[in-house]
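Residue numbers (the numbering used here), protein chains in the order written: chain A, 1451 to 1764; chain B, 73 to 186. We put the beta carbon where it would ideally sit given N, CA and C, even for glycine. Following: one structure in structure tokens, then a few remarks.
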Amino acid sequence: MTQEKDDGIDRRGALECMIWAGTGVLWTLVGGVPRSSSLLGISEANAQAASGFSFLQISDSHIGFKAPANPNPVATLDEAIGKISALPQKPAFMLHTGDITHLSKPEEFDNADQAIVKAKLDTFYVPGEHDIIDEGQGKAYLERYGKRAQGAGWHSFDHGGVHFVGLVNVANLKAGGMGTLGDEQLAWLADDLKGKSASTPIVLFAHIPLWTVSADWGWGTEDSAQALGLVKRFGSVTVLNGHIHQLMQKVEGTVTFHTARSTAFPQPAPGTAKSPGPLKVPDDQLRHVLGITSVAVKQGTQPLAITDSELAKT
Amino acid sequence: MSLFHDGLRAFAAGTAAACVLYSAIAAPMAPAETHLSIDNFVFKPDAITVRAGTTVVWENDDDIPHTVVALDGAFRSQALDTEDKFSFTFAQAGTFEYFCSLHPRMKGQVVVTP
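This is how it looks when you write it as structure tokens:
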């Protein structure tokens, strides 16, 4: 009982989830597609066959980075976009979860845009901390990507019955802390979700993980609990992040957390190195630790099927 | 061997004396400067004490950009790429806390004595 209380799932919420899951099973039967019992282990083929639509996530392209961990991040971003263009089923759109550039320079944004446009997909962005270090502290990013955004760049949109929310947790960081959303953004999020029914699948995307992967390395968001509290009533919540340049996933109740690989360079697993700086791997290994993420949305089932692919695999 | 060592010692002593002499002469013209490094997501050293008028120079030795930002707004660097430097002259005595606004776990302190 205590545990249920801690999870914040009351009887009504649980019933809503069950109704929602039930609908999913029904839809799967009608579709005649085998349903995986594993939350994250759905094969790409099954996911695609049953999908209402799919979308892509790329992250941490770090255009402008020059160090030995990857002296040519434009080339690896190009390869990632090449993989996306070659997908047998065209994704509906793409998310970029930040650190588009390394130093927020205009030519870095230009080079990233020139590579990304080749995917011929609508692309929705959130900034990483590397994208807001121009003199105007984010002005360059907002001028380019923030036309439909509020505040430091947060925004939301709907696609195929799924509500997508791009959050910014890299602005106005406080000394000693991790990522921060801030009161203004949290108030906006509460308002944004207000009219949505609990059966609407929610996708939150932000640069820094919305759960604490490593407090020592700042891999978490100070006030993420408040944001997650606001999505507690929803039957399916998927949280997509970048920043840590490695795959990490966790399921907690109705929330699936997932971080994507970078398209530029890997970073060490928490606790395996002195600092979270770029990890130099042998040249022939680099493309095994970079990659893209594909997410398939099956109408009415939960959770969304997340598939990561390495750049090295065709 | 001992001759060589003696010679080396004499040379070292001479150099040291010259240094002392040089700094004594140079001191009034070149104000004190202290160099700090940013290495492995740490300000090194993360706490220093200097006299008022000292210029503190931070150099980023990481592959990742960092910033040097005073909590009270007294100074704020641009993003420092690898090998970029930022300097600030501490004219007033006091304790100055600073951090990296990109990686806010990184903190440092400069104590300025009169």
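{"Query": "Which chain A residues are close to PRO117/B, counting only those with a beta carbon under 7 Å from its beta carbon?", "Result": "Per Cβ cutoff of 7 Å: no residues; PRO117/B is ~16 Å from chain A at best."}
{"Query": "Can you list, in chain order, the residues of its chain whose CB lies under 6 Å from that of ALA104/B, leaving out five sequence neighbours each side?", "Result": "THR126"}
{"Query": "To be precise: take each residue of the region 1582–1595 of chain A, compare its Cβ to all Cβ atoms of chain B, and keep it if any distance is under 8 Å. Which residues remain?", "Result": "ILE1583, GLU1585"}
{"Query": "Around the Cβ of GLU155/B, are there at least 16 other Cβ atoms within 10 angstroms (buried) or fewer (exposed)?", "Result": "exposed"}
{"Query": "How far does the alpha helix (DSSP H) with ARG1563/A in it extend, from its first residue to its last?", "Result": "Going by the sequence as given, residue 1563/A is Asp instead of Arg. From DSSP, the alpha helix (DSSP H) with ASP1563/A extends over 1556–1566."}
{"Query": "Give the residues of chain A in contact with PHE171/B, contact being defined as C-beta atoms less than 9 Å apart.", "Result": "LEU1623, LYS1624, ALA1625, GLY1626"}
{"Query": "Please identify, using Cβ separations under 9 Å, the residues of the region 1518–1532 of chain A that lie next to chain B, in order along the chain.", "Result": "PRO1518, ALA1519"}
{"Query": "Measuring alpha carbon to alpha carbon, tell me which of SER1504/A, PRO1728/A, PHE1607/A ends up nearest PRO1538/A.", "Result": "SER1504/A"}
{"Query": "For the candidate residues GLY1611/A, GLN1587/A, PRO1577/A, LYS1540/A, whose alpha-carbon lies nearest to that of ALA1599/A?", "Result": "PRO1577/A"}
{"Query": "With a 10 Å radius around its C-beta and 16 neighbouring C-beta atoms as the bar for buried, classify PRO1541/A as buried or exposed.", "Result": "buried"}
{"Query": "What does the alpha-carbon distance come out to for the pair LEU1754/A and ALA1746/A?", "Result": "6 Å"}
{"Query": "Look at the alpha carbon of ALA1665/A and the alpha carbon of CYS172/B, and state the distance between them as a whole number of angstroms.", "Result": "16 Å"}
{"Query": "Note down, in chain order, each residue of its chain lying with its Cβ closer than 6 Å to the Cβ of GLY1438/A, except the 5 sequence neighbours on either side.", "Result": "Nothing about residue 1438/A can be read from this structure; chain A reaches only from 1451 to 1764."}
{"Query": "Only counting runs of 3 or more residues, tell me where the beta strand (DSSP E) segments fall wholly within the region 1582–1646 of chain A, in order along the chain.", "Result": "1605–1609, 1612–1616"}
{"Query": "Apart from the five residues just before and just after VAL114/B, which ones in its own chain have a Cβ nearer than 8 Å to its Cβ?", "Result": "MET178"}
{"Query": "Tell me whether ALA1648/A sits in a helix, a strand or coil according to DSSP, three-state version.", "Result": "coil"}
{"Query": "In this structure, does DSSP put GLU1529/A in helix, strand or coil?", "Result": "helix"}
{"Query": "Counting only Cβ pairs nearer than 8 Å, list the residues of chain B close to GLU1702/A.", "Result": "Neighbours of GLU1702/A on chain B: none; closest Cβ ~24 Å, over 8 Å."}
{"Query": "Smallest Cα separation from GLY166/B: which of ASP111/B, VAL183/B, ALA142/B?", "Result": "VAL183/B"}
{"Query": "Between GLU1557/A and chain B, is any beta-carbon pair separated by less than 8 Å?", "Result": "no"}
{"Query": "Would SER1511/A pass as an interface residue toward chain B - the criterion being a Cβ-Cβ separation below 8 Å?", "Result": "no"}
{"Query": "For the region 132–185 of chain B, which segments carrying the beta strand (DSSP E) assignment without a break, of at least 3 residues, lie completely within its bounds, in sequence order?", "Result": "157–162, 166–171, 179–185"}
{"Query": "So, with DSSP's three-state summary, where would you put ASP111/B?", "Result": "strand"}
{"Query": "Can you look up SER1686/A in the DSSP assignment and give me helix, strand or coil?", "Result": "coil"}
{"Query": "Where does ILE1658/A fall in DSSP's three states?", "Result": "coil"}
{"Query": "Are PRO1556/A and ALA1590/A closer than 8 Å when you measure CB to CB?", "Result": "yes"}
{"Query": "Any beta carbon of chain B sitting closer than 8 Å to that of GLY1632/A?", "Result": "no"}
{"Query": "Thinking ARG1711/A and GLN1696/A are a contact (beta carbons under 8 Å), I'd like their distance in whole angstroms, please.", "Result": "6 Å"}
{"Query": "If you follow the alpha helix (DSSP H) that GLN1676/A is in, where does it begin and where does it stop?", "Result": "1674–1680"}
{"Query": "Considering Cα atoms alone, identify which of HIS1609/A, SER1554/A, ASP1584/A is closest to PHE1574/A.", "Result": "HIS1609/A"}
{"Query": "Compare the C-beta of PRO1720/A with all C-beta atoms of chain B and state if any pair is closer than 8 Å.", "Result": "no"}
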